[in-house]
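Participant: With UniProt numbering applied, the sequence shown covers 1 to 224.
Ideal placement from N, C-alpha and C gives every residue a C-beta, glycine not left out.
The model shown is predicted, which means the values in this text are computed figures rather than measured ones.
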Amino acid sequence: MTAVLVVDDDPHLLRALRITLQAHGYSVTTAADGRSALLSASQHPLALVILDLGLPDIDGTTVLRELRSWSQVPILVLSARHGSEDKVEALDAGADDYITKPFGLDELLARIRALLRRSVDQEQAPVVTAGAFTVDLGKHRVIRDGQDVRLTPTEWNILEVLVRNPEKLITQQQLLSEVWGPAYAKETNYLRVYMAQLRRKLEPDTANPRHLLTEAGIGYRFMP
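1. Any chance you could list the beta strand (DSSP E) runs of at least 3 consecutive residues sitting entirely within the UniProt domain "Response regulatory" (3 to 116), in chain order?
2. Smallest Cα separation from Thr-20: which of Leu-109, Ala-130 and Tyr-98?
3. Let me know if Phe-103 comes out buried or exposed under the rule of 16 or more other beta-carbons within 10 Å of its beta-carbon.
4. Once you ignore the five residues that flank Leu-213 on each side, which residues in its own chain have a CB closer than 7 Å to its CB?
5. Would Ala-37 and Leu-64 qualify as a contact pair, given that the criterion is a beta-carbon distance under 8 Å?
6. Comparing alpha-carbon positions, which option in Leu-67, His-24 and Thr-61 lies nearest Glu-85?
7. Can you tell me whether Thr-152 is buried or exposed, with buried defined as 16 or more other CB within 10 angstroms of its CB?
8. From the DSSP output, in three-state form, read off Ile-158 for me.
9. State the Cα-Cα distance for the pair Leu-191 and Thr-100, rounded to the nearest angstrom.
10. Given that a residue counts as buried once 16 or more other Cβ atoms are within 10 Å of its Cβ, and exposed if not, what is Trp-156?
11. Return the residue from the list Thr-134, Asp-33, Phe-133 and Leu-48 that minimises the CA-CA distance to Asp-10.
12. Any C-beta of chain C sitting closer than 8 Å to the C-beta of Leu-109?
13. Can you give the Cα-Cα distance for Gln-172 and Ile-218, rounded to whole angstroms?
14. Taking Val-142 as part of the beta strand (DSSP E), name the residues at either end of that continuous run.
15. Over what stretch of residues does the beta strand (DSSP E) that includes Glu-187 continue unbroken?
16. Please classify Gln-174: is it buried, with 16 or more other beta-carbons within 10 angstroms of its beta-carbon, or exposed?
17. Residues in the same chain with beta-carbon distance under 7 Å from Gly-138, minus the five sequence neighbours each way, listed in chain order, please.
18. I'd like the list of long-range same chain contacts for Ile-75, defined as Cβ closer than 7 Å, with 5 residues on each side in sequence excluded.
19. Could you have a look at Glu-167 and say whether DSSP puts it in helix, strand or coil?
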């Protein structure tokens with residue numbers, strides 16, 4: 001069974017999530033605070049961590065950073081904090097996705113499936129097919145409608161980061177740091193220009209993109 005650790009200080013929510021996830025075939029461990037979560041994560045092999053930020057002992061962002069110092073397990077943040085700054089901080093600390101409370105169980109289950117699917121996909125051959133185009137990461141090649149698409153080195157670097165993380169929200173700061181370097185982490189105007197260029201080259205309808213999506217004020221997401 002797929003092992004999931006759920007971390008939240010609300011006992012009613014912990015119980016509800018444990019029952020729901022178990023009913024959908026997951027093996028569930030729960031923790032009510034940060035220290036218990038870190039201990040549990042170190043003792044059990046996990047496929048996914050669902051983590052609340054507002055914990056009673058250690059802030060969830062600190063737990064995130066601790067986990068990321070030794071584990072690459074997918075982490076879905078579940079939090080009542082709605083501000084974009086909180087989301088960006090959590091994502092930059094190592095979260096793979098972020099969902100705010102209150103939430104629908106169907107959405108939560110879909111996010112879980114997406115994260116688990118992405119972790120499996122990363123182990124497969126580096127060829128990613130979207131509805132409109134195909135990206136061969138090994139050959140540094142993009143094909144649309146049977147024709148090679150010419151990308152600049154910067155366009156390719158941005159696309160590669162997004163495509164290697166399908167369905168994951170990549171913050172503006174993450175993308176800028178990986179493509180241009182940490183000194184450019186605040187130059188968000190660079191991204192707007194290059195994302196517009198990529199959409200013109202790859203999206204069938206640039207006004208309504210299906211694959212290169214913007215999360216306003218936070219970052220970008222590639223949807224195959």
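Facilitator: Taking the coordinates as given:
1. Here the runs fully enclosed are 26 to 31, 48 to 51, 75 to 79 and 97 to 100.
2. Position 20 of the sequence shown, counted from the start, is the residue given in the question as residue 20. Of the candidates Leu-109, Ala-130 and Tyr-98, Leu-109 places its Cα closest to the Cα of Thr-20.
3. Taking the first residue of the sequence shown as 1, we reach residue 103 at position 103. Classification for Phe-103: exposed.
4. For the purposes of this step, residue 213 is taken as the residue at position 213 of the sequence shown. Excluding residues within five positions, the ones whose Cβ falls inside 7 Å are Tyr-220, Arg-221 and Met-223.
5. Counted from its first residue, the sequence shown places residue 37 at position 37. Counted from its first residue, the sequence shown places residue 64 at position 64. Their beta carbons are not under 8 Å apart, which means Ala-37 does not touch Leu-64 by this criterion.
6. The count along the sequence shown starts at 1 and reaches residue 85 at position 85. Nearest C-alpha to Glu-85 among Leu-67, His-24 and Thr-61: Thr-61.
7. Start at 1 with the first residue of the sequence shown, and residue 152 comes out as number 152. Result: exposed.
8. Translated into positions along the sequence shown, residue 158 becomes position 158. In this structure, DSSP gives Ile-158 a helical state, which the three-state scheme calls helix.
9. For the purposes of this step, residue 191 is identified with residue 191 of the sequence shown, where counting begins at 1. For the purposes of this step, residue 100 is identified with residue 100 of the sequence shown, where counting begins at 1. Roughly 26 Å between the two C-alpha positions.
10. Start at 1 with the first residue of the sequence shown, and residue 156 comes out as number 156. Trp-156 comes out buried.
11. Here residue 10 is taken as the residue at index 10 of the sequence shown, counted from 1. Nearest C-alpha to Asp-10: Asp-33.
12. Chain labels in this structure do not include chain C; a single protein chain is all it has.
13. The residue you call residue 172 lines up with position 172 of the sequence shown. The residue you call residue 218 lines up with position 218 of the sequence shown. Taking the straight line from one Cα to the other gives about 6 Å.
14. As a first step, residue 142 is located in the sequence shown; it is residue number 142 there, counting from the start. 141 to 144 is the extent of the beta strand (DSSP E) around Val-142.
15. As a first step, residue 187 is located in the sequence shown; it is residue number 187 there, counting from the start. First-last for Glu-187: undefined, no H or E at that position.
16. The count along the sequence shown starts at 1 and reaches residue 174 at position 174. Result: buried.
17. Here residue 138 refers to the residue found at position 138 of the sequence shown. The beta carbon of Gly-138 sits closer than 7 Å to those of Pro-126, all from its chain and outside the five residues before and after it, given in chain order.
18. Along the sequence shown, read from residue 1 onward, the residue named residue 75 stands at position 75. The residues are Val-49, Leu-51, Leu-64, Leu-67, Gly-94, Ala-95 and Asp-96.
19. Walking along the sequence shown from the start, residue 167 turns up at place 167. Residue state for Glu-167 is assigned as coil, using DSSP reduced to three classes.
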